[in-house]
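What follows is a single structure, written as structure tokens, with notes after it.
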Amino acid sequence: MAAIPTSHYIMLSAALFAVGVLGVLIRRNAIVIFLAIELMLNAVNLAFVAMARHMGPVATKMGGATGLVDAMQGQVFVIFVLAVAGAEVAVGLAIIVALFRHKRTLDVDEVNLMKW
Amino acid sequence: MAVWLFDAAAVVLVACAIAAIVQRNPLYTALLMGVVFAGLAIPFVLCQAELLAALQVIVYAGAIVVLFVIVITMLGSESREALEEQLSIRPAGTLCALVVGILLAALLAGPAVWVWGSQRAESWPTLLSRNTEAFSAALFTGRYIVPVEMASLILLAAMVAVVVMIVRPPPGSNEKTTTKQ
């Protein structure tokens, strides 16, 4: 049974991250830009999980040796990224709604009051 | 079997992500991104992170994308940008969602031995509970107990920030008395 090499996961993560960066750069709608940022976060989550599997066999139970705990570190980090991303989405969408109430547009090119 | 499953999922995910970015209707962008987020559960399961795959679907595809859709539909009706219907995307979008759903079902419907051979011959619920045990051991009895508490504080701060930014006084009330809080 051939295992999937870790480089395949990293390539998929890099491709998704690149699509996210493309979305942030070429779109003007604030919500779509935010969605592209979330795509970047997901790509990084995938990279974390793939490298966690690469570091060693995934622990089934916490053992005394540090080696088993290290394999779970990537997954634990992903849990924290998930929690913080949830908070970030709530605050970011609140900012976008507040901005929309003020400027009546979602176009980020229109938000240029501080431009010199 | 795992290799072609991963290859198919990778191609569909990148195609859905690119299609989501080039959409003109932001609602279709959000829905296609939801497909990408749910489809990312497939590489997670293949990396033996079953709990994270479940949490990915629950939190990202189930809560964050729903939040985006709520805000898009709330703001879209008042926005000055034209939201043209692109009828041509509906068959492609439906096909992408169906393919991701079929791949996820193909991954989880059979026993785990189909995916990894005889090395891991347990059932999916057993693997999920093992992963959850390892998670709880790492999070709550290891060195991550402080970050867990800090994450809960971050979520509390986010809730307070959202309420402060969004809640407006009702239109009939006096502005002076409400801002003096």
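Protein chains in written order, with the working numbering: chain A, 5 to 120; chain B, 54 to 234.
No residue lacks a Cβ here, since even glycine has one placed at the ideal position from N, Cα and C.
*From the beta carbon of GLY71/A, is the nearest beta carbon of chain B less than 9 Å away?*
With a pLDDT of only 48 at GLY71/A, under 50, the local geometry of the prediction cannot be trusted, and the value read off the model is given with reservation. False, the Cβ-Cβ gap to chain B never drops below 9 Å.
*In the region 29 to 50 of chain A, which residues sit with their C-beta less than 8 Å from some C-beta in chain B, listed in chain order?*
Under the 8 Å Cβ criterion, the region 29 to 50 of chain A contributes ILE30, ARG31, ASN33, ILE35, VAL36, PHE38, LEU39, ALA40, GLU42, LEU43, ASN46, ASN49 and LEU50.
*asked:* Looking at the secondary structure, which residues open and close the alpha helix (DSSP H) in which LEU29/A lies?
replied: From DSSP, the alpha helix (DSSP H) with LEU29/A extends over 10 to 30.
_Would ALA191/B and VAL80/A be called neighbours here (beta carbons separated by less than 9 Å)?_
yes
_Quick check: does the Cβ of ILE74/B come within less than 8 Å of any heavy atom belonging to the ligand FMN?_
Within the structure as shown, the ligand FMN is missing, as the structure has no ligands at all.
*Closest by C-alpha distance to GLY78/A, when choosing among VAL64/B, LEU181/B and GLN101/B*: Out of VAL64/B, LEU181/B and GLN101/B, GLN101/B has the C-alpha closest to the C-alpha of GLY78/A.
*Have a look at TRP177/B and GLU42/A and give me their C-alpha separation to the nearest angstrom.*
The straight-line gap from Cα to Cα measures roughly 28 Å.
*From the DSSP output, which residues share a beta bridge with ASN33/A?*
ASP111/A
*asked:* Along the region 92 to 105 of chain A, where does the CB come closer than 8 Å to a CB of chain B? Name the residues.
replied: GLU92, VAL93, ALA94, VAL95, LEU97, ALA98, ILE99, ILE100, VAL101, ALA102 and PHE104
_Endpoints, the alpha helix (DSSP H) within which CYS100/B is located_ = Premise fails: CYS100/B is in no alpha helix (DSSP H) and is neither H nor E.
*Tell me, please, whether the CB atom of VAL82/A is closer than 9 Å to any CB atom in chain B?*
yes
*Residues near ILE100/A by beta carbon distance below 8 Å, same chain, minus five either side*: Only ALA34, ILE35, PHE38 and LEU110 meet the Cβ criterion.
*Three-way DSSP call (helix, strand, coil) for LEU108/B in this model*: helix
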